[in-house]
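Residue numbers (my numbering): 149 to 362. By construction, the Cβ of each residue, glycine as well, lies at the ideal position given by its N, Cα and C atoms. See below for the structure under consideration.
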């Protein structure tokens, strides 16, 4: 992430890595917009996505030699300043199409910023990387969680599979299933945050109990 884009980490309209389905679902009205990294993008570039005339339009963020950002002709020191300008003035982002931005769409509650997570002891290793015991800041309190990590942005297929696991977990709500708390997908390393289960894996528990059977 470039220096000009760093300020996006504190903005609610920055969603991090996001797929086409979620963008279509969140951007409902013309003028709705968000910033994110398309899941299929191998370069992991942040784009400005706007609903216009019933379709989604994505704009790359250009950078000058002085690290100023732009989407049209006017340059800004920060992406947040650029957003404020186009929302306030209603000037079009495109040179020929009247594409204007009106309403920022905040990321859902399950998108968790990295600064709210503190990794502690390593619990093991999974298919995509290490699994840690961690501490998650929730308001003014702290919650013990399990954190699955993924480091290896060069492998797009594995990154998509890792995030797909979180999407599947989002759909399951059951007292006997470990619940997804959220995903840290705004920068590397990607993390899936789930409930912490102190008893260890189901496989270990099963074999431990099997040792005492005759």
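According to DSSP, residues forming a beta bridge with residue i
i           : result
residue 298 : 338
residue 332 : 339
residue 251 : 180
residue 196 : 183 and 207
residue 161 : Paired residue(s): none; residue 161 is not in a bridge.
Contacts around residue i, its chain only, beta-carbon distance under 6 Å, and the 5 residues preceding and following it disregarded
i           : result
residue 344 : 292, 293 and 294
residue 330 : 258, 260 and 341
residue 224 : 217 and 230
residue 206 : 195 and 197
Beta-carbon proximity check, residue i vs residue j, cutoff 8 Å
i           : j           : result
residue 298 : residue 338 : yes
residue 161 : residue 178 : no
residue 253 : residue 238 : no
residue 183 : residue 216 : no
residue 181 : residue 197 : yes
residue 269 : residue 281 : yes
residue 296 : residue 279 : yes
residue 172 : residue 204 : yes
residue 220 : residue 250 : no
residue 234 : residue 245 : no
residue 318 : residue 311 : no
Local Cβ density within 10 Å of residue i, reported as buried at 16 or more and exposed below that
i           : result
residue 154 : exposed
residue 187 : buried
residue 334 : buried
residue 332 : buried
residue 228 : buried
residue 176 : exposed
residue 284 : buried
residue 164 : buried
residue 265 : buried
residue 314 : buried
residue 273 : exposed
residue 166 : buried
residue 360 : The predicted position of residue 360 is uncertain, since its pLDDT is 47 and thus under 50; a value taken from the coordinates is nonetheless stated next. The residue in question, residue 360, is exposed, as its Cβ has fewer than 16 Cβ neighbours within 10 Å.
residue 356 : Residue placement at residue 356 is poorly supported in this model, since its pLDDT is 49, which falls under 50; the coordinates are not used for a value here.
residue 255 : buried
7 Å CB neighbourhood of residue i in its chain, flanking five on each side removed
i           : result
residue 326 : 342, 343 and 345
residue 190 : 304
query: What are the complete beta strand (DSSP E) segments, minimum 3 residues, inside the segment 199 to 245?
result: 203 to 208
task: Enumerate, from N- to C-terminal direction, the unbroken beta strand (DSSP E) stretches of 3 or more residues contained entirely within the segment 253 to 313.
output: 265 to 273, 278 to 286 and 289 to 298
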